[in-house]
Structure formats: structure tokens, C-alpha cells
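**Student:** Its first residue numbered 34, the sequence shown is counted upward by one per residue in our numbering.
Don't be surprised by glycine CBs; every beta carbon is placed ideally from N, CA and C.
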Amino acid sequence: QWKLRGASNEESVVYGTNEVITPLLSSMLTTCAVFLPLIFLSGIAGELFYDQAMAVTVGLVISFWVSITLIPTLYYTSKYFKSQVNHQPIIPLERPYLVGHILVEKRKKLALIITLAMLLATPFVFSHMDKQQIPNLSHRELIANITWSNNISVDENCNRFESLITILTDLSKQHAAYIGRQQFMVINGFENEENQLKVYVKFNDDVDIEKSKSIITKAIKSIDSNADLKFKYPETAFDRVFPTSSYNLKVKIYTGSGLNSVPVELVRKELHLIAESCNSSYSISIPDSSTRIFLQIFPERLLLYHIDTKSLVDVVRKELGFMKITNLSYEQQTLPVYFGGSYDYIERIIAETGVKNSFGELIPLRQLVRVKSENNPRSLFADANGLYYPINIKANENDAESIIKNLQRSNKGELYSLGYSGDYFKSKNTASELIVVLLVSVLLLYFIMAAQFESVWQPLIVLIELPVDFGLALTILWIFGGTVNVMSLIGLVVMGGIVINDSILKIDTINRLLNKGVSIEKAIKHAGVRRVKAIVMTSLTTILAIVPILFGSDIGSELQQPMSVVLIAGMTLGTLVSLFIIPLLFSETYCFFRRILPR
């Protein structure tokens, strides 16, 4: 640009470098001011932001020194640039910019109304988007945990798995099974009982996993209609480093004093309340458990009907299958043999069975005992507050909050108490921390720009761009089904640091022209023409660098896709805001602030 004005090659290098050194320094400091406070976030967000912030800070410092030392030197020594005085641009940007500038000037009110609408829409969009720690990742692998309803041998367990092999072969590239008890020295994740089966499946690329789940479920239910089946995805390398649960809320039912376990009726009541609290889709997982049935004897009725306790117990043992006949000895093992009977018919048996009293009269068993059932998890769960029964829930933020309120309202605290944990609280904590950190970042941005512009009001115009760009980027992310997570927040931060640099460059050029006595209208127009290439090139290089991530299918690409969507949307729309809206706001507020405030 200086050579086009008639300056020599050496003068062009000196003047051009001096002109941009201040806005470049300010841009570097503002970007660092956005990133560095984020390292104080806790949890996975802080861990990811720390590496990002350190890399960006070091890269910006090096880039700044390269841009004011090496690049001007290479330009000065290059024979090509020495002989290049005037050339036709490959893509002329001045004319499209001027057309857009004139269009915005003619429709100032409409442009300002749209800007205000996006400003007000930002908190609305943010509050209505689902929030999670990390984005959802696609899976081609699955683990099915099967618990057969009756106690079967390992051989029978193998036979049942073999009947599933035909179906699994059609669906998968690879499958494997862990049948019954495993003999690993370290059994974390393989705590199977004899009647349990763990099946690993790696699906073919063209197979729909949800449909495959239905097919596998149907096949298992055809073998055992009462079998308990649970699916989960295998852990990835990312899950190992940053362990997260697919369920974002855990409800803990603590057994109170006088209770050894959680009654079945209580669990059913809580599950019913959870279902009533959810307005959208949700899923629940409870521990594998076995039902214990208790027969409570009424001693006063035994006295009333003249029945001794031993006679009652003998009848119950016989009818329910607990009458031991003999022992079978084999090598060093002893196998007890019991008289028949079945738990499936317990209520019918009690209703139809009678006990003879001392007078030979037959007294109905149902008059003497009461049946009670109790759910006992196969594993024990405990924390600092004691033993508890967990209910894992996957629900959106609003439903999770409703679940907690309804459960607390129904909990009388007489025999049990409730506790809560999960990623739902971590996400809320991260959001609260992020708000505080962003406020600190905004204050740092304001002071840095105030020092550069030597003005107390001009930084406010640049800062207005941040919520506008955030609202636009989040709206696009919402439309594409994205969520607010760590990676999308990183994208917002990166995008904010880049787009405000464009506005800083634009306002700095406007101020230089105003200091030379140019009118505000001409200063805005000429500053736009002079900086449109730099602003568009900055945005295009960033966008083109991250577009390939959208088409990746590996775990790294999938993690960064929400960040990429935010960056592409924010940079595209933010560039338009920097080119047209920021100058419009500057023009509208220039005369007002000049009257009431110093420069």
C-alpha cells in the first residue's frame, strides 16, 4: 500500500511495519488475555485449556516477533517485491466491500436492530442448549452385559452364546465373549458370575448400531425372556485419560438406621418420580441385582392357632424347596440335594398350603406369614456417607434439575436419605467458573485496548462484538444439533480472540486517519478499503485450515468438530461484523462520546 502511494521499497517496509506494530502487539496481548485466565478452570476443561493456552501464547509471541522482524526483512531483500510496483489483485475485494458498506449505510436501523437482537439472543440460546463435558463420540464397538435369570452352568452359558454366534457374525467384523467367572489376577471390569456373559462386538461399517441392539436384544430374549441385558461402549484412550460417564446424574439412596438394604418398593417409587420429572427422552441404569424374598412369621397367630414354630418352618422349607434330602460326595466336594419347589410359585404355594396344628386342624399358611421382597445389588456401593443404592440417569439439563427437585420434595428423610453426583454438577460448576474467568478476560481486554486507543469508550465498541459473535456461533451450533461442551467453548474463545483482532486493526486505522484530519465518514470508508484484505485473509486462512476436520472420522476429529463448527460460523459471521457493524457502531457513537468523554 505504501509503494502504491509512491514510497520507495525501504520506506514502504519501515512505514508499513511501524503502522501495524501497535495493533499487532495489542492483538497478541488481547488474545493472551482471553486464553490465559482459562487455565484456572477446574477439571477436564482446565486440563484441555491449559495446553491450548500455552501453545497459543508461545505461538503468538513468536509470531509477533517474526512479523515485525523477519517478514519485513524478507520483503525488503526480495527482488520480486522490489520490481513489483502495481499489480492486478487475484481476487478484488475493494468493490464488494464498498457495495456492502453502502448497503449497511442505507439501512443503518435494520443493521442495528439485527445486532441488538443477536446480542439479546445470546443468553437465551446458551441457556436452552444442552451442556456436557465432552461432545458425543460415534462408536463402532459395543459390549453387551447379559445376566441370565436362573443359575446355569458354564457349559449351558457357552451353549447359549453359541446360539448367538450366527447373528453376531452377520453384524460384526469381530466378536468375543467372556463367559462366567474369569481367572484374571486383576479382574476390574470382568467381575462375572457363573450365570453372566459379557459379549464384545465390533460392527461392520455399514451396520446401524441402534438396529443391531434391537436384533441382539430380541435374540437374547428368545433364549431367556427374563434375562437382564445392558449395553455399554468400550473405553477409548480419551476415556482412560479423562474418565466420564454416559449418565450425567447419579441418585444415591442411602440406607438409614435400621435398614440393611433398600426396599424394592422404595426403588420403584423413585423410578416412578424420575419418569414423571422428565419431559424429553431419558435413560436409566440400575445395578444388577437379585431379589430376596422374606417370610415374616406372626408369633401371636402361632399361639392363637396352637402351632409350634418348628412345624411351620418344616412346611415352608419343604414347599419352597429347602428340605435337604442328602449329600452327594464327589472327590473333595459335597453337593447338597434339596427337595423340589420353585420361587416362581411362591405366592401360589403360600396361598394354597396349610399347616396342621396340635389338634390336627389345617391352618392356611397365608394366615401365619407375610411375604416381603427386597432388592440386593450384586455389588456394594459406598462413599464417605455410607452404603447406597445408585440410580444412573441420562437426561438433559432441565430434566435433571426437575428430577432433583421432585426427589427432594418427596424425601421425608425418615428411613433413608438421598445424595446426588455426576457430570451434571461438573458441567454447572464449569459454566459458573467460565463466567467468572470470562469476566476477568473482558476486563483485561478493556484495559489493553484502552491503553492502545487512549480512549475509555472505543474498547466498548470492540467488546460489543464478542457477545454478538458468540450468539451467532452458538445459534449455528444449535441448528446443527451441537451442545455446549469443552471443545465448543474452546472454539468460542479462539474465535473471539481472532475476530476482535480484526476490529482492533480496523479501529486503529480509523484513528490514524482521524488524527490526520480526515472526516469520520471518509475515515471509515478508507480504513475499510485498506484493511479488508488483511481481515478477510485472516479469516479465510483460519477457516480453510479447520474445514478438513469436519470430514474426519477418527476420535481426534470428532472431538474437534464442535470447535470447528463454532470457529467456521463465528469467523464467517464475525468477519462481516468487523467489516460493517463495528464501523457503523463507531460512527454512531463517535460524536456522542466526543461530547461527553475524552478520546
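Kindly indicate which residue of 270, 315, 388, 248 has the alpha-carbon position closest to the one of residue 343.
**Tutor:** Checking every option, the nearest Cα to that of residue 343 belongs to 388.
**Student:** Distance, Cα to Cα, residue 384 vs residue 398?
**Tutor:** C-alpha separation (whole angstroms): 7 Å.
**Student:** Could you check where the beta strand (DSSP E) with residue 452 kicks off and where it finishes?
**Tutor:** Unbroken beta strand (DSSP E) run through residue 452: 449-454.
**Student:** Nearest to residue 265 by alpha carbon, out of 273, 616, 231, 435?
**Tutor:** The shortest Cα separation from residue 265 among 273, 616, 231, 435 belongs to 231.
**Student:** So, are the CB atoms of residue 282 and residue 565 less than 7 Å apart?
**Tutor:** Going by C-beta atoms, residue 282 is not nearer than 7 Å to residue 565.
**Student:** For residue 543, name the three-state secondary structure that DSSP assigns.
**Tutor:** In the structure shown, residue 543 sits in a helix (DSSP, three-state: H, G or I).
**Student:** Tell me where the alpha helix (DSSP H) around residue 339 begins and ends.
**Tutor:** Premise fails: residue 339 is in no alpha helix (DSSP H) and is neither H nor E.
**Student:** Starting from the Cα of residue 235, find the closest Cα among 254, 207, 229, 227 and give me that residue.
**Tutor:** Cα-wise, what sits closest to residue 235 is 207.
**Student:** Quick one, which of 310, 501, 582 has its alpha-carbon nearest residue 151's?
**Tutor:** Answer by Cα proximity: 501.
**Student:** Thinking C-beta only, is residue 390 closer than 7 Å to residue 330?
**Tutor:** No, these two residues do not count as a Cβ contact at 7 Å.
**Student:** Using only alpha-carbon positions, find the residue among 492, 191, 153, 285 that is nearest to residue 503.
**Tutor:** Here the closest residue by C-alpha is 153.
**Student:** Which residues in the same chain have their Cβ closer than 7 Å to the Cβ of residue 240, if we skip the five residues on either side of it in sequence?
**Tutor:** Contacts found: 204.
**Student:** Can you have a look at residue 570 and say buried or exposed, based on whether 16 or more other CB atoms are within 10 angstroms of its CB?
**Tutor:** Residue 570 should be labelled exposed.
**Student:** Quick one: is residue 91 buried, meaning 16 or more other Cβ sit within 10 Å of its Cβ, or exposed?
**Tutor:** It is exposed - the Cβ of residue 91 has fewer than 16 other Cβ atoms within 10 Å.
**Student:** Could you pull out every residue in the same chain whose Cβ sits closer than 8 Å to the Cβ of residue 75, ignoring the five residues on either side in sequence?
**Tutor:** Excluding residues within five positions, the ones whose Cβ falls inside 8 Å are 462, 463, 466.
**Student:** Where does residue 403 fall in DSSP's three states?
**Tutor:** Looking at residue 403 - three-state DSSP - the assignment turns out to be strand.
**Student:** Is the distance from the Cβ of residue 158 to the Cβ of residue 508 below 7 Å?
**Tutor:** Yes. Within cutoff.
**Student:** Taking contact to mean 3 or more Cβ pairs, one atom from each stretch, closer than 8 Å, check whether the region 162-172 and the region 452-462 are in contact.
**Tutor:** Touching, per the Cβ criterion.
**Student:** Whole angstroms are fine: how far does the CA of residue 545 sit from the CA of residue 61?
**Tutor:** Answer to the nearest angstrom: the Cα atoms are 20 Å apart.
**Student:** Would residue 606 and residue 499 be called neighbours here (beta carbons separated by less than 7 Å)?
**Tutor:** Contact flag unset, no.
**Student:** Hey, residue 156 and residue 470: beta-carbon distance below 7 Å or not?
**Tutor:** It is not a contact, given that the beta carbons lie outside the stated cut-off.
**Student:** Can you tell me whether residue 372 is helix, strand or coil according to DSSP?
**Tutor:** Note that residue 372 scores 47 on pLDDT, short of 50, meaning its location in the model is unreliable; the coordinates nonetheless yield the value given after this. Of the three classes helix, strand and coil, the one that applies to residue 372 here is coil, per DSSP.
**Student:** Could you check how far apart the C-beta atoms of residue 180 and residue 347 are, in whole angstroms? I think they sit under 8 Å.
**Tutor:** About 33 Å; that fails the 8 Å criterion.
**Student:** Using DSSP with H/G/I as helix, E/B as strand and the rest coil, what is residue 624?
**Tutor:** Residue 624: helix per DSSP, three-state reduction.
**Student:** Could you tell me whether the Cβ atoms of residue 197 and residue 252 are closer together than 7 Å?
**Tutor:** Closer than 7 Å, so yes.
**Student:** Candidates 586, 528, 541: which alpha carbon is nearest residue 573's?
**Tutor:** When only C-alpha atoms are compared, the closest one is 528.
**Student:** Can you check DSSP and say which residues form a bridge with residue 330?
**Tutor:** The partner list for residue 330 (beta bridge, DSSP) reads 402.
**Student:** Measure the alpha-carbon distance for residue 59 versus residue 100 and round it to whole angstroms.
**Tutor:** C-alpha separation (whole angstroms): 14 Å.
**Student:** If you run the structure through DSSP and keep just helix, strand and coil, what is residue 156?
**Tutor:** Helix, per DSSP.
**Student:** Given a cut-off of 7 Å, decide if residue 228 and residue 185 are closer than it, judged by their beta-carbon atoms.
**Tutor:** Going by C-beta atoms, residue 185 is nearer than 7 Å to residue 228.
**Student:** On the three-state DSSP scale, how would you describe residue 76?
**Tutor:** Helix.
**Student:** Are there 16 or more other CB atoms within 10 angstroms of the CB of residue 429, so buried, or fewer, so exposed?
**Tutor:** With 16 or more Cβ atoms within 10 Å of its Cβ, residue 429 is classed as buried.
**Student:** For residue 210, which residues in the same chain have their Cβ closer than 6 Å to its Cβ, ignoring the five residues on either side in sequence?
**Tutor:** The answer, listed in chain order, is 194, 232.
**Student:** Using the C-alpha atoms, what's the distance from residue 183 back to residue 589?
**Tutor:** Roughly 43 Å between the two C-alpha positions.
**Student:** Find the nearest neighbour of residue 517 within the set 559, 567, 450, 168, judged by alpha-carbon distance.
**Tutor:** With distances taken between Cα atoms, residue 517 lies closest to 168.
**Student:** Nearest by alpha-carbon distance to residue 615: which of 85, 522, 141, 585 is it?
**Tutor:** Selected option, being the one with the closest Cα: 141.
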